[in-house]
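**Student:**
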Amino acid sequence: MSTSDDRTPTPSPQRSTSLSSLMGPQERCPDCGVAVGEAHEYDEYDGGCDIARCLATGHQRLMCDLDHDCGQDIWTGWWPGHTDCERLGWMLAPGFPDLNRLYTQAVWDSERHTWVAPDSEQTVQR
Ligand SMILES: [Zn+2]
Ligand SMILES: [Zn+2]
């Protein structure tokens with residue numbers, strides 16, 4: 001008496017969507033694969049990592065064609081702008097930073113490599 005088919009049904013594997021990958025910190029850069037604390041890869045031909053920011057403008061280094069040193073952005077484990085939105089309170093929902101607002105309204109502080117609110121001087125005035 002052999003029981004050949006006693007396999008328990010396996011639950012369908014949960015697919016990791018790109019949205020859920022935005023939720024938490026990741027050990028490695030999703031694009032160039034460097035670990036937290038390491039500089040994103042740079043390639044003089046194609047620009048290198050897609051996620052690295054230009055440290056002079058705060059925008060995507062890949063798209064930056066300005067004549068300056070874009071610097072070496074470090075992978076922090078978070079998508080660029082995520083922690084800035086959390087600090088500014090610009091979240092659409094938990095885990096979903098309002099990056100559109102960040103890139104249109106915030107001001108890049110090129111010394112601290114962080115986004116700051118445009119009116120941080122005069123905060124709550126009604
Ligand atoms: Zn990278
Ligand atoms: Zn640049």
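Oh and the sequence shown: position 82 is 82 in my numbering, straight run, nothing missing.
Where a beta carbon is used, it is the ideal one built from N, C-alpha and C, also for glycine.
1) Assuming the contact rule is C-beta atoms closer than 8 Å, residue 73 and residue 53 should be a hit. Round their C-beta distance to whole Å, please.
2) Under DSSP, the beta strand (DSSP E) around residue 83 begins and ends at which residues?
3) Return the first residue and the last residue of the alpha helix (DSSP H) that residue 104 is part of.
4) According to DSSP, what are the bridge partners of residue 116?
5) State the CB to CB distance for the pair residue 99 and residue 77, rounded to an integer number of angstroms; the pair is presumed to be in contact (CB under 8 Å).
6) Tell me the rounded alpha-carbon separation between residue 114 and residue 33.
7) Under 8 Å by Cβ, that's how I've got residue 40 and residue 51 pegged, so tell me the actual separation to the nearest angstrom.
**Tutor:** Result, derived from the coordinates:
1) 5 Å
2) It is not in any beta strand (DSSP E) - residue 83 instead sits in the alpha helix (DSSP H) that spans 82-88.
3) 99-105
4) 107
5) Contact flag wrong, Cβ pair sits at about 17 Å.
6) 22 Å
7) 6 Å
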